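Protein chains: 4
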Amino acid sequence: MSTPTAPRYAYLGPAGTFTEAALRQVVAPQDAVYLPQPDVVSAIEAVRSGTADFAVVAIESTVEGGVTATLDSLAVGAPLVLLREVLVPVQFTLAAAPGVRLEDVRRIAAHPHAWVQCRRWLSAHLPDVVHVPATSNTAPAALIAARTAVDAPLGFDAALVPPAAVEPYRLTVLAPDIADNAHALTRFVVVGHPGDVPAPTGADKTTLVVHLPDNEAGALLSMLEQFAVRGVNLSRIESRPIGDALGRYSFSIDADGHIAEERVGEAIMGLHRRCPYVRFLGSYPKADGVPPVVHVGTSDSEFVHARVWLRSVREGAAT
Amino acid sequence: MSTPTAPRYAYLGPAGTFTEAALRQVVAPQDAVYLPQPDVVSAIEAVRSGTADFAVVAIESTVEGGVTATLDSLAVGAPLVLLREVLVPVQFTLAAAPGVRLEDVRRIAAHPHAWVQCRRWLSAHLPDVVHVPATSNTAPAALIAARTAVDAPLGFDAALVPPAAVEPYRLTVLAPDIADNAHALTRFVVVGHPGDVPAPTGADKTTLVVHLPDNEAGALLSMLEQFAVRGVNLSRIESRPIGDALGRYSFSIDADGHIAEERVGEAIMGLHRRCPYVRFLGSYPKADGVPPVVHVGTSDSEFVHARVWLRSVREGAAT
Amino acid sequence: MSTPTAPRYAYLGPAGTFTEAALRQVVAPQDAVYLPQPDVVSAIEAVRSGTADFAVVAIESTVEGGVTATLDSLAVGAPLVLLREVLVPVQFTLAAAPGVRLEDVRRIAAHPHAWVQCRRWLSAHLPDVVHVPATSNTAPAALIAARTAVDAPLGFDAALVPPAAVEPYRLTVLAPDIADNAHALTRFVVVGHPGDVPAPTGADKTTLVVHLPDNEAGALLSMLEQFAVRGVNLSRIESRPIGDALGRYSFSIDADGHIAEERVGEAIMGLHRRCPYVRFLGSYPKADGVPPVVHVGTSDSEFVHARVWLRSVREGAAT
Amino acid sequence: MSTPTAPRYAYLGPAGTFTEAALRQVVAPQDAVYLPQPDVVSAIEAVRSGTADFAVVAIESTVEGGVTATLDSLAVGAPLVLLREVLVPVQFTLAAAPGVRLEDVRRIAAHPHAWVQCRRWLSAHLPDVVHVPATSNTAPAALIAARTAVDAPLGFDAALVPPAAVEPYRLTVLAPDIADNAHALTRFVVVGHPGDVPAPTGADKTTLVVHLPDNEAGALLSMLEQFAVRGVNLSRIESRPIGDALGRYSFSIDADGHIAEERVGEAIMGLHRRCPYVRFLGSYPKADGVPPVVHVGTSDSEFVHARVWLRSVREGAAT
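Here it is in structure tokens:
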């Protein structure tokens, strides 16, 4: 049981979601208050409103790419930062209420992302089924569990659910592990209020939102050069529309390294000077723990030596 | 009425959708067979399977960015090309069955994109409503129109619909024009089979899918330089996961200019040589008709002169 | 007369040279000790050895380019810096001892640079004359003035001399102003010991010597990007062999701006980190007084704001 | 003996020069007419005027860098091309007329380049000697050999000469091999009329003269990118003043590869389109025979495949 002072985590619930699996990696249920939310935006807003201390939300998947609701919610509004990332394997099970047989399935409830991730399997095995969209991966499971009679109408015959949802909702498995990509991963982040940035671990990433100064040829190139000239690698870059006109983009970026590191700090200052909008969304340990390649001339000590050298030269020292 | 030989257009139907509005810009109903489809992927697949000759699908909006289902469907699978683009203003009306009052609305059916585009208005005026996801902007309207009794349960009280859907479905307007962004546009494209590329008009764009050679620092920079060094501007660039691992991206790109133009052709050959995957998705007239800026040294005639000059120099001419 | 404490200036003498004209722009003869030297290297070494406080030497001309003896002497050896630059128009007069006629001229004494700068005139008017190389522009004039008899053998019949040398050496003008380029200029610099860098004036230049990290494709490009990404323009870049192998170059660079300026300082730190050798040869006022173009995001105040902003973000401030 | 139809080679003579050593590598005396010239410019002009078929001239040394007279003579005027390069080790001997002792030497005749290359040895061993400039490395040797009496005045006591000049001029060696850099090389080129470009050997270089479109920041960067984006390495780049104003440069460039190669041809076409002046000075075998690194996507076959692919795509082929 969590105590009244336990941290409160908002997440895309209910029990059985991938997000809950991510949350369990972050903090055990007995050490926190789990606050399930109907959608990602609500989870993030729960932190902004003070209802929750933290949110755990999906930010990217190997299959679907950036989670636009997360990216867009973090890019504007009251400032929040990312404090940690966790990776969760993504797999789906076709499940139903007890008694349903695979050959009876005509309508499958599924979150649109789940539907996409099982598309090839469904085309091959159930080419004629209809997609009934669900607001989450577990909503259909909850509907099955909550039905008042065995023959109560559900609006669907089966559902694509996370494997972890089978047992709590007492579902029958019709086909396990049917995701088209057996190695799919979703990356989740812990969102909190700005404050102390987690200390560098040597294998960190930094997330930023950047608007380009104009939409001329070369603006994106110039932005990328701010990183390249300081030897900072980008592990993720996604464009999102700013929303005021076609052709105007905001970029969501993950850079290798920590804002406390010299090369990252100088690159971000370069963005700050040249771009109309830069939002720092946090520096935090990489889930894979792999330290970045530090190119010649871009280590912290080389930056410090260069600064000391420049100061001496400015004061008249010989070179 | 369309004749048996009229071209068949698949699109996200039914009547009243924004896609239908786009399709009407392309071809009048009497000159074509309109084939409504339940989703974008189905519309595209209808062309691949031969059920339709063309598809009209949304590819990008000022609010939501790239339509990932469209981008992903075109990026892989049997080759298709874009033949034309059309722009449609995006606006939403909150509508319901006759007799419903605004103060009675608790559940609003809306396609997720519509929901997002009215988020601020909804927060301000109906902060407690619940989102009931719909598979299209007109599906709830069709459900209202099709209900067998005035009090038949719909699962929602009102819907966000395109203004054009109010009349055909005999809806009552509760609040007109409530999209947060009054200037929102969606860009639609006409998809067809590869074949004759539309002739250059002087104001064209070219759509490409490109995979980077590796995920090292600088691979994206190098790709952009292939365009920059030939003076080709990019009006859209979006990253999509390749799907096999985090950090591996496919880029969907709109370049100013036509593949028949020298600078575009040379840039695309550069991509072809350096990138593991390049798919040409078509060169077609820009909807806004604005010709691109042609920088010094990048016009077709300058390319031709340079080629003639090079040939003469290779053959021993003096310079 | 100069007092014992007057500053001592070494320069390529004797009286009448272009360098003396440059020196007169720097300091009047009554305020300094003029120390004529036989060549540029000797003038520079006079400062190193303590014989002189300063040297005035040519560094670049519109016709001949960089003065390699100056560039090479400054690039290695005990550190010296440039404190000021002055521009001197370059013009030549064909002159001789009294009594000599143009049609008698067979051999012309001239410093090789002078010879080059009058090449077209000489080809047109005296195609058969022979070049007798001189160590300075005034050495032949001095020989004429110093001859003990009117018919004493000189080894040459006439000389290319600066216009200012005609009178002091009592020469006869055979053809005035015969330089091929009427707008030729030579840039001279005042060389001194490292110490207080002249304060920024708003229109300064900074001279550097830089070795590239390797001779791979792109090393020069990377070096130039260190400047470009900070908006620093280069007004001069010259390659000089390092001397150990063909294909290994040292670059002599003039950058717009003062080392005390943020953008210049950051660019130089970038060079210091990436290049095996960087020598600062001074920041000093531009002779033309034209302030550099400061691009958006590269002013000192923008650098300072970015640094303050970064510090606050590193300490947890919201963005 | 050479026959009347033997090719005529102009070179910086007389016998014993380094240039003669280079010429002997190119063609044996019995197979050609050797036409010694007083200077590099005369040798080049001899080809232009038809007096010679070819010229052999120094273009670059490890110590002195580019030979500006050669670079400038080739950059303008009637077009000539480079057909071959040869490398000659550079070494100097301090020699004199028989009977002269080292301790008697006060004045040393030397070509300015020779003087520079022995500077450190001279400073250490003969700090007080005076430099008497010579027009070539062998001119003083010829004067010694030609003197009519043992005590005829020469104007100098000893000379810096190529080792090969000792014997023909019957000199006495005072100090052998005194060049400061024991590994010094000079690169010579064979200059001829434009015509058939030597066929590619797989290890070639291409020499170009290029003017930048303007002197803005980034013009040099843009020029270098024309090479970089096609994977062409530069082994030499030297700036020369255009001569009309300070800050305006012509660049003399050696690029790895042959103009017949695709990547080189495309890069040169890029220069032709963007730069106000491009002169092709030849493609010829590298003296060291080392083939260039060909980066992924820049081989001839990849260029050809890309061109074939582009043509098919322009004609409507699927990708």
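From first to last, the protein sequence lines are chains A, B, C and D.
Note that UniProt numbering has the first sequence beginning at 1, numbered continuously upward.
Note that UniProt numbering has the second sequence beginning at 1, numbered continuously upward.
Note that UniProt numbering has the third sequence beginning at 1, numbered continuously upward.
Note that UniProt numbering has the fourth sequence beginning at 1, numbered continuously upward.
Ideal placement from N, C-alpha and C gives every residue a C-beta, glycine not left out.
Since the model is a prediction, treat every value here as computed from it, not as a measurement.
- Task: Run down chain A in chain order and give the residues with a C-beta less than 9 Å from the C-beta of Val197 (chain C).
- Result: Here residue 197 (chain C) is taken as the residue at index 197 of the third sequence, counted from 1. Within chain A, the residues near Val197 (chain C) are Val313, Arg314, Glu315 and Gly316.
- Got a sec: which bits of the segment 255 to 281 of chain D sit with their beta carbon under 9 Å from any beta carbon on chain B, in order along the chain? Listed by position, the residues of the segment 255 to 281 of chain D near chain B (Cβ gap below 9 Å) are Ile259, Ala260, Gly265, Glu266, Ile268, Met269, Gly270, Leu271, His272, Arg273, Arg274, Cys275, Val278, Arg279, Phe280 and Leu281.
- So, are the CB atoms of Ala164 (chain B) and Gly16 (chain B) less than 9 Å apart? Residue mapping note: residue 164 (chain B) aligns to position 164 of the second sequence, counting from 1. Residue mapping note: residue 16 (chain B) aligns to position 16 of the second sequence, counting from 1. Their beta carbons are under 9 Å apart, which means Ala164 (chain B) touches Gly16 (chain B) by this criterion.
- Message: Looking at the secondary structure, which residues open and close the beta strand (DSSP E) in which Pro241 (chain D) lies?
- Response: Within the fourth sequence, the letter at position 241 stands for residue 241 (chain D). From DSSP, the beta strand (DSSP E) with Pro241 (chain D) extends over Leu234 to Pro241.
- Message: If I follow the unbroken alpha helix (DSSP H) through Phe251 (chain D), where does it start and stop?
- Response: To locate residue 251 (chain D), count along the fourth sequence from 1; it is residue 251. Counting along the chain, Phe251 (chain D) falls outside any alpha helix (DSSP H), though it belongs to the beta strand (DSSP E) covering Tyr249 to Asp256.
- Does Ser239 (chain D) come within less than 9 Å of chain B when only Cβ atoms are used? Taking the first residue of the fourth sequence as position 1, residue 239 (chain D) is located at position 239. In terms of beta-carbon proximity, Ser239 (chain D) stays away from the interface with chain B, with every pair separated by 9 Å or more.
- DSSP-derived helix/strand/coil call for Gln37 (chain B): Here residue 37 (chain B) refers to the residue found at position 37 when the second sequence is read from its first residue. In the structure shown, Gln37 (chain B) sits in a strand (DSSP, three-state: E or B).
- Query: So who's on the other strand from Asp204 (chain A), going by DSSP bridges?
  - Reply: For this step, residue 204 (chain A) is matched to residue 204 along the first sequence. Under DSSP, Asp204 (chain A) shares a beta bridge with A:Pro285.
- Message: Using beta carbons (cut-off 9 Å, strictly below), is Leu87 (chain B) in contact with chain A?
- Response: For this step, residue 87 (chain B) is matched to residue 87 along the second sequence. By this cut-off, Leu87 (chain B) is an interface position.
- Query: For the putative contact between Gly257 (chain D) and Thr206 (chain D), defined by C-beta atoms under 8 Å, what is the C-beta separation to the nearest angstrom?
  - Reply: As a working mapping, residue 257 (chain D) is identified with position 257 in the fourth sequence. As a working mapping, residue 206 (chain D) is identified with position 206 in the fourth sequence. Going by Cβ atoms, the distance from Gly257 (chain D) to Thr206 (chain D) rounds to 6 Å, so yes, they are a contact pair.
- In terms of alpha-carbon separation, which member of A:Ile178, A:Val191 and A:Ala97 lies closest to Glu167 (chain A)? As a working mapping, residue 167 (chain A) is identified with position 167 in the first sequence. Closest option to Glu167 (chain A), Cα to Cα, is A:Ala97.
- Item | Closest residue to Ala114 (chain B) among B:Pro127, B:Arg101, B:Leu94 and B:Ala124 (Cα-Cα distance) | Residue 114 (chain B) sits at position 114 when you count from the first residue of the second sequence. The option with the nearest alpha carbon to Ala114 (chain B) is B:Leu94.
- Check whether the Cβ of residue 336 (chain C) lies closer than 9 Å to any Cβ atom in chain D. No information on residue 336 (chain C) is available, as it lies outside the stretch 1 to 319 that chain C covers here.
- Message: I need the boundaries of the alpha helix (DSSP H) containing Val27 (chain D), first residue and last residue.
- Response: Translated into the one-based positions of the fourth sequence, residue 27 (chain D) becomes position 27. Element bounds for Val27 (chain D): n/a, residue is neither H nor E.
- Query: Expressed to the nearest angstrom, what Euclidean distance is found between the alpha-carbon atoms of Val47 (chain C) and Glu20 (chain C)?
  - Reply: Mapped onto the third sequence, residue 47 (chain C) falls at position 47. Mapped onto the third sequence, residue 20 (chain C) falls at position 20. Spanning the two alpha carbons is a distance of roughly 17 Å.
- Message: Can you confirm whether Thr298 (chain B), when its beta carbon is compared against all beta carbons of chain D, has any partner nearer than 9 Å?
- Response: On the second sequence, residue 298 (chain B) is found 298 positions in, with the first residue counted as 1. Interface with chain D (9 Å Cβ-Cβ cutoff): Thr298 (chain B) is included.
- With 7 Å as the C-beta to C-beta threshold (strictly closer), list the residues of the segment 63 to 79 of chain B near chain D in chain order. Residues of the segment 63 to 79 of chain B with a C-beta less than 7 Å from any C-beta of chain D: Pro79, listed in chain order.
- Query: DSSP on Thr172 (chain D), reduced to helix/strand/coil?
  - Reply: Taking the first residue of the fourth sequence as 1, we reach residue 172 (chain D) at position 172. Strand, per DSSP.
- Task: Express the C-alpha separation of Cys275 (chain D) and Gly282 (chain C) in angstroms, rounding to a whole number.
- Result: Along the third sequence, read from residue 1 onward, the residue named residue 282 (chain C) stands at position 282. Along the fourth sequence, read from residue 1 onward, the residue named residue 275 (chain D) stands at position 275. Gly282 (chain C) and Cys275 (chain D) have their C-alpha atoms spaced approximately 32 Å apart.
- Message: Looking at the secondary structure, which residues open and close the alpha helix (DSSP H) in which Glu262 (chain D) lies?
- Response: In the fourth sequence, the residue the question calls residue 262 (chain D) occupies position 262. From DSSP, the alpha helix (DSSP H) with Glu262 (chain D) extends over Glu262 to Arg274.
- Message: Please state whether the Cβ-Cβ distance between Ala109 (chain D) and Ala159 (chain D) is less than 9 Å.
- Response: Within the fourth sequence, numbered from 1, the residue matching residue 109 (chain D) stands at position 109. Within the fourth sequence, numbered from 1, the residue matching residue 159 (chain D) stands at position 159. Yes; because the gap between Cβ atoms is below 9 Å, this pair is in contact.
- Message: DSSP three-state label for Val166 (chain C), please.
- Response: Taking the first residue of the third sequence as position 1, residue 166 (chain C) is located at position 166. Three-state result, Val166 (chain C): coil.
- Name the chain D residues whose beta carbon is nearer than 8 Å to that of Glu60 (chain C)? Within the third sequence, numbered from 1, the residue matching residue 60 (chain C) stands at position 60. Per Cβ cutoff of 8 Å: Pro241 and Leu246.
- Item | the segment 61 to 81 of chain A contacting the segment 220 to 240 of chain A, beta-carbon criterion three pairs below 8 Å | They touch, by the three-pair rule.
- Task: Could you have a look at Phe54 (chain C) and say whether DSSP puts it in helix, strand or coil?
- Result: For the purposes of this step, residue 54 (chain C) is taken as the residue at position 54 of the third sequence. In the structure shown, Phe54 (chain C) falls within a strand segment according to DSSP collapsed to helix, strand and coil.
- Exposed unless 16 or more other CB atoms sit within 10 angstroms - verdict on Arg101 (chain B): Here the question's residue 101 (chain B) lines up with position 101 in the second sequence. Exposed.
- Query: Of the choices D:Thr135, D:Arg263 and D:Ser73, whose alpha-carbon is the least far from that of Val293 (chain D)?
  - Reply: Locating residue 293 (chain D) in the fourth sequence gives position 293, counting from the first residue. The residue among D:Thr135, D:Arg263 and D:Ser73 with its C-alpha nearest the C-alpha of Val293 (chain D) is D:Arg263.
- Is the shortest distance between the beta-carbon of His211 (chain A) and the beta-carbons of chain B less than 9 Å? In the first sequence, residue 211 (chain A) corresponds to position 211, counting from 1. No, because no Cβ of chain B sits closer than 9 Å to the Cβ of His211 (chain A).
- Query: Should Asn137 (chain D) be flagged as near chain C, meaning a C-beta pair shorter than 9 Å?
  - Reply: Here the question's residue 137 (chain D) lines up with position 137 in the fourth sequence. No, no contact with chain C.
- Item | Under 8 Å from the C-beta of Trp309 (chain D): neighbouring residues of chain B | As a working note, residue 309 (chain D) is residue 309 in the fourth sequence. What Trp309 (chain D) touches in chain B: Met269 and His272.
- Query: For chain B, is any of its Cβ atoms less than 9 Å away from the one on Pro14 (chain A)?
  - Reply: Within the first sequence, numbered from 1, the residue matching residue 14 (chain A) stands at position 14. Interface annotation, Pro14 (chain A): not in contact with chain B, CB-CB separation never under 9 Å.
- Select from C:Asp31, C:Ala10 and C:Pro89 the residue whose C-alpha is nearest the C-alpha of Ala287 (chain C). Counting from 1 along the third sequence, the entry for residue 287 (chain C) is found at position 287. Of C:Asp31, C:Ala10 and C:Pro89, the residue nearest in Cα terms is C:Pro89.
- Query: Taking any Cβ of chain D, which residues in the segment 39 to 56 of chain C have a Cβ under 7 Å from it, in chain order?
  - Reply: Residues of the segment 39 to 56 of chain C that bring their beta carbon within less than 7 Å of a beta carbon in chain D are absent altogether.
- Item | Inside the segment 105 to 162 of chain D only - alpha helix (DSSP H) runs reaching at least 4 residues | Counting only runs of 4 or more, we get 112 to 117, 119 to 125 and 139 to 146.
- Task: With a 10 Å radius around its C-beta and 16 neighbouring C-beta atoms as the bar for buried, classify Gln226 (chain A) as buried or exposed.
- Result: Residue 226 (chain A) sits at position 226 when you count from the first residue of the first sequence. With 16 or more other CB atoms across the displayed protein chains lying within 10 angstroms of its CB, Gln226 (chain A) is buried.
- Are the beta-carbon atoms belonging to Val81 (chain B) and Val197 (chain B) less than 9 Å from one another? Taking the first residue of the second sequence as position 1, residue 81 (chain B) is located at position 81. Taking the first residue of the second sequence as position 1, residue 197 (chain B) is located at position 197. A contact, by the Cβ cut-off of 9 Å.
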